[in-house]
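Engineer: First the structure, which I've put down as structure tokens, then a few questions once you've had a look.
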Amino acid sequence: PDPEVEKMLEEVRAKLGIKGRAISDEEILERMVYPMINEGARILAEGVASRPSDIDVVWIYGYGWPIYRGGPMFYADQVGLKHIADRLAFYAKETNDPSLEPAPLLKKLADEGKTFASLAAPNKAA
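In the numbering used here, the protein residues as written are 47 to 172.
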């Protein structure tokens with residue numbers, strides 16, 4: 047890191063009473079991606095998107111999400127919804143940020159051991 051930037055960071059930390067710490071790549075990924083997944087769960091619950099894959103398509107083709115990751119909702123299923131819900135709850139408590147609390151749909155699916163893909167299961171015609 048640039049020495050001037052380091053100095054500025056130290057000054058801000060001292061002013062705010064914050065102690066610096068190493069942040070892992072995994073934590074950065076969780077803090078950046080898991081809130082997007084959480085918002086995706088809210089969008090599904092509100093009916094703004096019909097299927098998890100609708101959200102994935104928007105992220106892949108609209109925002110350049112890596113296609114090999116399949117989109118955030120597909121990625122969430124690969125990581126595990128329980129893990130994501132647990133980590134979001136941890137960050138919500140750690141930061142006192144209620145927006146990081148797991149969305150009700152995410153929590154429900156995680157508690158039931160289901161995936162977002164299970165929401166897109168075709169309905170059987172009578």
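We treat Cβ as the ideally placed atom computed from N, Cα and C, and that holds for glycine. Bear in mind that the values here come from a model prediction, so they are computed numbers and not experimental data.
For Ala166, which residues of its own chain have a beta-carbon under 7 Å away from its beta-carbon, when the five flanking residues on both sides are left out?
Structural biologist: Looking up residue 166 in the sequence shown gives position 120. Cβ neighbours of Ala166 beyond the five flanking positions: Arg97, Pro98, Ser99.
Engineer: To which residues of the same chain is Ala172 closer than 6 Å at the C-beta, ignoring the five residues directly before and after it?
Structural biologist: To locate residue 172, count along the sequence shown from 1; it is residue 126. Bear in mind that a pLDDT of 46 at Ala172, under 50, signals an unreliable position, so the number given afterwards is only what the model happens to contain. Within the same chain, Ala172 has no close Cβ partners at all.
Engineer: Taking the C-alpha atoms as reference points, what is the distance between Gln124 and Val94?
Structural biologist: Start at 1 with the first residue of the sequence shown, and residue 124 comes out as number 78. Start at 1 with the first residue of the sequence shown, and residue 94 comes out as number 48. Distance between the alpha carbons of Gln124 and Val94 is about 23 Å.
Engineer: Short check: CB of Gly86 to CB of Pro118, under 8 Å?
Structural biologist: Here residue 86 refers to the residue found at position 40 when the sequence shown is read from its first residue. Here residue 118 refers to the residue found at position 72 when the sequence shown is read from its first residue. Yes.
Engineer: Tell me whether Trp105 sits in a helix, a strand or coil according to DSSP, three-state version.
Structural biologist: For the purposes of this step, residue 105 is identified with residue 59 of the sequence shown, where counting begins at 1. In this structure, Trp105 counts as helix in the three-state DSSP scheme.
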